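Asker: Just so you know, the sequence shown maps onto residues 1 to 493 in the working numbering.
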Amino acid sequence: YPMGIDYDKYERTAASGETLEREVRYRRSLGDHKLMLSIDRLDYSKGIPQRLRAFEHLLREYPEYREQVSLLIVVVPSRDQVEKYSNLKDEIELLVGRINGQYGRLNWRPIHYFYRSYPLHALSAFYRMSHVALVTPMRDGMNLVCKEYIASKLDQRGVLILSEMAGASKELSDAILVNPNNQDQMMEAMHRALTMPEEEQKQHMEIMQTSLRRYNIHHWVSMFMGDLEEMKASQRGTLTRLLDTKLQNQLKKAYTKGKKRVLFLDYDGTMVGFTKDPNEARPDKELLDLITQLADDPQNRVIIISGRGRDTLEKWLGHLSVDFIVEHGVWMREQGKDWELAGKVTDVWKEDMRKTLDLYVDRTPGSFIEEKNYSLVWHFRKVETGLGELRSRELCSHLRFLSTNEDLQVLEGDMVVEIKNRNVNKGRGASAWLQRFPGDFTFAAGDDWTDEDTFKAMPKEAYTIKVGSKNTAARFYVESHHNVRAILKDLIE
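1. Which complete alpha helix (DSSP H) runs does the stretch 261-326 hold, if anything under 4 residues is left out?
2. So which of A445, K84, L488, R400 has the shortest CA-CA distance to M223?
3. Ordered along the chain, which non-local residues of its own chain (more than five positions away) have a Cβ less than 6 Å from that of S86?
4. Do I99 and E56 count as a contact pair if the criterion is CB distance below 8 Å?
5. May I ask you to report which of helix, strand or coil DSSP gives I92?
6. In angstroms, rounded to a whole number, what distance separates the CA positions of R109 and M190?
7. Quick one: Cα of D43 to Cα of L72, how far?
8. Quick one, which of L194, L162, A457 has its alpha-carbon nearest N179's?
9. Are H481 and G269 close, meaning C-beta to C-beta below 8 Å?
10. Taking its Cβ as the centre, do 16 or more other Cβ atoms sit within 10 Å of K337, making it buried, or is it exposed?
11. Considering only C-alpha positions, which residue in the set F324, F368, L390, K420 is nearest to Y374?
12. Put S497 into one of helix, strand or coil per three-state DSSP.
13. Is L106 buried or exposed, if buried means 16 or more other CB atoms sit within 10 Å of its CB?
14. Taking its Cβ as the centre, do 16 or more other Cβ atoms sit within 10 Å of I369, making it buried, or is it exposed?
15. Between L376 and T356, what straight-line distance do the alpha-carbon atoms span, to the nearest angstrom?
16. On the criterion of 16 or more Cβ atoms from any shown chain inside 10 Å, does P459 qualify as buried, or is it exposed?
17. Threshold first: 4 residues or longer. Then list the alpha helix (DSSP H) segments lying entirely within the stretch 323-387, N to C.
18. Compare the C-alpha of T450 against each of V416, T442, R60, A462 and name the closest.
19. If I follow the unbroken alpha helix (DSSP H) through G31, where does it start and stop?
20. Do the stretch 124-135 and the stretch 28-39 make contact, defined as three or more Cβ pairs closer than 8 Å?
21. What does DSSP give as the partner residue(s) for G446 in the beta ladder?
22. Would I465 and Y477 qualify as a contact pair, given that the criterion is a beta-carbon distance under 8 Å?
23. Which stretch, first to last residue, makes up the alpha helix (DSSP H) that contains I492?
24. So what's S163 in DSSP terms, helix, strand or just coil?
25. Which class does E389 belong to by DSSP, given the choice of helix, strand or coil?
26. Does DSSP put L228 in a helix, a strand or coil?
27. State the Cα-Cα distance for the pair Q103 and R66, rounded to the nearest angstrom.
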């Protein structure tokens, strides 16, 4: 939930008379040099010493910036009675003194350093008068300084250099993103920002301002509270039971009694285990024999309902007497007939979203993209566990932010993140099939939250089984895909 700011407040403040008066006064005091701005509270996570060293590196490698560019750095006091914070303050001040001593001239000071807090109008004046803002924390959950800077840029002239370790980087992709641990990259980002043409500055700033104006603090509160209520509602009545021997006997009796049986079977995680390479999850002989026996029973209608693409499943299971609902409900096919496209879906969004996924592939070794007809999937099963989980959370947040006003849905599966059209899902596909082929016995098995739509579409008396998690709309759960195979074997024996 990327927190926004009160955009209108910062925009009004930047245009106020008090701010303009302060800007004139500060500019007279600091001189007419280009300014780079850094505002942080005293904290190790903010990367202030690293920022100072990168600026020193810039002056050393690009001497043309000497006497032309100054760094205005504001450090807001915080816990400086604690020894480690006091040591950090000393380190910062030693760096400032060294850089000013080495490069300073009578008419130019490289760094203007202030260890104090400032009122809003003063900060707004700093935002207005600075050509570049340096927001490069080593790690930050969000960081709102960068958003305040953007909202204050009424003339849209200015460049934001933003750490990829800050949560705000997922929203502000038009900033210059840097790794704060890479001094050379930081230096080159400063050089690029200082030489960026005005038209390019305005182009990037306009995009970021439009985004922040729309996704402000009020939007954040509304989205957070709405999702909280939705989560509370979904948790009610989702407790389920383990399918034990007694319940399995009841299931078999109902199956035997049924004359028109409809079985919805998810594939990955439900009938086969997960593999690092999705292409290695081919059906083995046992599974093929099992599905064949179920499908060849004239009283059964077997539907493979999966998020996989139609080409893969048709290659693996197309020779069997089964129906298909694939790509989470985008494509459907009755046995022996042609594929049907479910509802109105579009792929015009894929190019823009693909750029975001490509960015995460570049940043996450071992990840890769799978492109389907009407969806994109980011796989991270081969990624180091901690990094994969971190990047998947970041990507989900990023994609949900980008797709807020699009008719798209972000799905989190087992080691995958998928984005697809919102108006189709497994549940709608299953409902369409039940209308075409109503039965007196209905069975559905799935393993992740994309299968929850299927479970919700089933009749109340249906036997719905979730593999794994107990928090589900299914009536029963089992521990693994091996249990699902055992249940299906029991039904046909």
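Idealized CB from N, CA, C, for every residue including glycine. Bear in mind that the values here come from a model prediction, so they are computed numbers and not experimental data.
Answerer: Considering the structure as presented:
1. 285-296, 310-317
2. R400
3. Only residues of its own chain outside the window of five on either side were considered, and among them D80 have a CB closer than 6 Å to the CB of S86, listed in chain order.
4. yes
5. helix
6. Rounded to the nearest angstrom, the gap between the Cα atoms of R109 and M190 is 18 Å.
7. 18 Å
8. L162
9. yes
10. Exposed, since its Cβ has fewer than 16 Cβ neighbours within 10 Å.
11. Comparing C-alpha distances from Y374 to each of F324, F368, L390, K420 shows the shortest one belongs to K420.
12. Lying outside 1 to 493, the shown extent of the chain, residue 497 is not represented and no answer is given.
13. exposed
14. exposed
15. Cα to Cα, L376 sits roughly 11 Å from T356.
16. exposed
17. 350-363
18. Comparing Cα positions, the closest option is V416.
19. Per DSSP, G31 belongs to no alpha helix (DSSP H) and is neither H nor E.
20. Counting Cβ pairs under 8 Å, three or more are found: they touch.
21. K466
22. yes
23. 481-492
24. strand
25. Correct three-state label for E389: helix.
26. helix
27. According to the sequence shown, residue 103 is Tyr rather than Gln. Whole-angstrom Cα-Cα distance: 7 Å.
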